[in-house]
Amino acid sequence: MPSPEDLAAKKGFIEAFFEDLRQKAALTDRLFAEHHEDEARLLVCCYIEALGNGLDASTGNGARNFVTVLVEHGGDPVLALIHPKLLQTSLPYKSTTPANKAALEGAFAKLPPNQALSEADLFATLGSGLPSDALAFLKRELWRARIAAVAYSNIRSLGAHWFGSPGSVSFSQTTYQGKPLPEIEFSTLRVALDRVVAHAEALSLSTNKWFGRF
Numbered sequence: 321m322p323s324p325e326d327l328a329a330k331k332g333f334i335e336a337f338f339e340d341l342r343q344k345a346a347l348t349d350r351l352f353a354e355h356h357e358d359e360a361r362l363l364v365c366c367y368i369e370a371l372g373n374g375l376d377a378s379t380g381n382g383a384r385n386f387v388t389v390l391v392e393h394g395g396d397p398v399l400a401l402i403h404p405k406l407l408q409t410s411l412p413y414k415s416t417t418p419a420n421k422a423a424l425e426g427a428f429a430k431l432p433p434n435q436a437l438s439e440a441d442l443f444a445t446l447g448s449g450l451p452s453d454a455l456a457f458l459k460r461e462l463w464r465a466r467i468a469a470v471a472y473s474n475i476r477s478l479g480a481h482w483f484g485s486p487g488s489v490s491f492s493q494t495t496y497q498g499k500p501l502p503e504i505e506f507s508t509l510r511v512a513l514d515r516v517v518a519h520a521e522a523l524s525l526s527t528n529k530w531f532g533r534f
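Counting in the working numbering, the sequence shown runs from 321 upward without gaps.
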């Protein structure tokens, strides 16, 4: 059983860690202002992914944790939207049955290709015609089709594994509720990072456990 002194010391370490993290996040603003945009975008993405990994170590999947933490704590509903084209191209069908693959592909083909959907709207549109195990597979892998996953592949991954990333990611003809989807820019992810930091800090301090886990 930790002593009161040990618990107080741990709280101090947690507070110092998140203060340092906020300073690191602020550094990305200066980098961006000084025309180091690639570095600024990549650092923001790396911090988001690291926080996602800290909050959920169960998956061992940095991309999934990046998407999930943005959807759940990034505070931007656009990042949680689902793109129908990604439903058709991104799901790992090798990990389900051919029958489930056929059922899902048939259902997705009926979706308007350029209209993003909320998760609730997606399942309402698909209805109850899909087999239960196909629905379970879809819910498990749905993160791959979210707008946040586009940020991971087009900004985080290109920034880390190539020579930088686009200044922004646009969706050309894609709409949501009749309006064009906004671009994903540095500012989009930077604001989301602050919100994720705030959540992780509040959880850590309220539980006196790093990321509420240990």
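Note that the Cβ used here is the ideal one computed from N, Cα and C, for glycine as well.
In the DSSP assignment, PRO418 falls within the unbroken alpha helix (DSSP H) covering 418-428. Scanning the segment 344-408 for uninterrupted alpha helix (DSSP H) segments of 4 residues or longer gives 357-375, 382-393, 397-400, listed from N- to C-terminal end. Cβ-Cβ distances below 6 Å link GLN408 to PHE428 in the same chain, with the five nearest sequence neighbours on each side left out; the list follows chain order. Just so you know, the alpha carbons of TRP530 and TRP482 end up roughly 33 Å apart.
The segment 401-419 makes no contact with the segment 359-379: fewer than 3 CB pairs, one atom from each, lie closer than 8 Å.
Annotation note: the segment 451-496 contains no uninterrupted beta strand (DSSP E) run of length 3 or greater. Going by DSSP, ARG510 is part of the alpha helix (DSSP H) stretching over 506-527. When rounded, the separation of the alpha-carbon atoms in PHE337 and ALA522 is 12 Å.
Apart from the 5 residues on each side of it in sequence, SER490 sits with its Cβ closer than 6 Å to the Cβ of GLU503 in its chain, given in chain order. Here DSSP, grouped into helix, strand and coil, assigns PRO500 to strand. A check of alpha carbon separations from SER438 across HIS403, TYR413, SER415 identifies HIS403 as the nearest.
Nearest C-alpha to ARG510 among PRO322, LEU341, LEU455: LEU341. Non-local C-beta neighbours of LYS459 in its own chain, meaning closer than 8 Å and more than five positions away in sequence, are absent. Annotated as distal: GLY394 and VAL470, with beta-carbon spacing of 8 Å or more. For TYR367 against LEU513, the beta-carbon gap comes to about 6 Å, under 8 Å, which counts as contact. When only Cα atoms are considered, SER488 and PRO433 end up about 22 Å apart. Distance from the CA of TYR472 to the CA of LEU390, rounded to the nearest whole angstrom, comes to 11 Å. Taking 8 Å as the cut-off, the Cβ atoms of VAL364 and PHE506 count as close. The Cβ-Cβ distance between ARG361 and ILE467 does not fall below 8 Å.
DSSP places LEU431 in the coil class of the three-state scheme, outside both helix and strand. The continuous alpha helix (DSSP H) containing LEU442 extends over residues 439-446.
For the options ASP441, ALA436, PRO451, LEU401, the alpha carbon positioned closest to that of ALA422 is the one of PRO451.
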